[in-house]
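If you're matching positions, the sequence shown starts at 1035 in this note's numbering and goes up one per residue.
Scroll down for the structure; my scribbles are underneath it.
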Amino acid sequence: MQSFQYSKLQLYALFILRVFIGWYFLYEGLAKLLTPNWSAYGYLIDSKGVFAPLFVQLAGNAALLDVVNIINAWGLTLVGLSLILGLFTKIGYFSAIFFMLMFYLSHPPLLHAEHILPREGSYLWIDKNLIMLASTVVLVLFPTSGIIGLDSLLVRKRKS
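This is the structure:
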């Protein structure tokens, strides 16, 4: 594992970013788990852009949709816990990047794309999904869980 020397301010800023992103994932996952009969169907069927046929096809297949629903709800929850606790963060980071990439590709911020579901605003190419993805890449490049997080316990065990 690569060792980084951070100032306290840098370390705390990266830690806070990790926890904030973790909270976002945890909340989104729990909201889905705790909502009876939640389904990704509406989100998938509303897909736009070049990858829309893939996402619409997922929505149209009941068996695949069930798998997507489980992966989405539980995956978001587990990614959130991973990042907040700083445990198994490499898996958490790359899972977060995967989710954000899928969300971005399913609903790319294109001009004049009309969605059934309400959007948060009118963006051109860059939206919250891409910003979250880029922020997570920053955390991959500047890890903190080996210093502040349960991963630090795993690092210590490996060294002894």
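Glycine included, each C-beta is placed from N, C-alpha and C at the ideal position.
{"Asked": "Every unbroken alpha helix (DSSP H) within the segment 1063-1096, with a cutoff of 4 residues, ordered by chain", "Found": "1075-1079, 1086-1094"}
{"Asked": "Local conformation of Ser1041 per DSSP, three classes", "Found": "coil"}
{"Asked": "Nearest neighbour of Leu1051, chosen from Trp1108, Leu1188, Leu1173, Ile1182 [CA to CA]", "Found": "Leu1173"}
{"Asked": "Cβ-based neighbour list, Leu1045, same chain, cut-off 8 Å, excluding 5 preceding and 5 following", "Found": "Thr1178, Ile1181, Ile1182"}
{"Asked": "C-beta contact flag for Gly1114 and Leu1068 at 7 Å", "Found": "no"}
{"Asked": "For Ala1086 and Gly1094, the rounded distance between their alpha carbons", "Found": "12 Å"}
{"Asked": "Residue from Leu1117, Leu1088, Ser1129 whose Cα sits closest to the Cα of Trp1057", "Found": "Leu1117"}
{"Asked": "Closest Cα partner of Met1134 within the set Leu1164, Trp1072, Leu1043, Gly1083", "Found": "Leu1164"}
{"Asked": "Burial state of Asn1106, where buried means 16 or more other Cβ atoms lie within 10 Å", "Found": "buried"}
{"Asked": "7 Å Cβ shell around Phe1049 - same chain, five flanking residues per side excluded", "Found": "Thr1178, Ile1182"}
{"Asked": "Endpoints, alpha helix (DSSP H) assigned at Tyr1157", "Found": "No alpha helix (DSSP H) holds Tyr1157; DSSP gives it neither H nor E."}
{"Asked": "CA-to-CA distance, Ala1047 to Thr1111, given in whole angstroms", "Found": "23 Å"}
{"Asked": "Buried versus exposed, by CB contacts within 10 Å (16 or more), Ile1055", "Found": "buried"}
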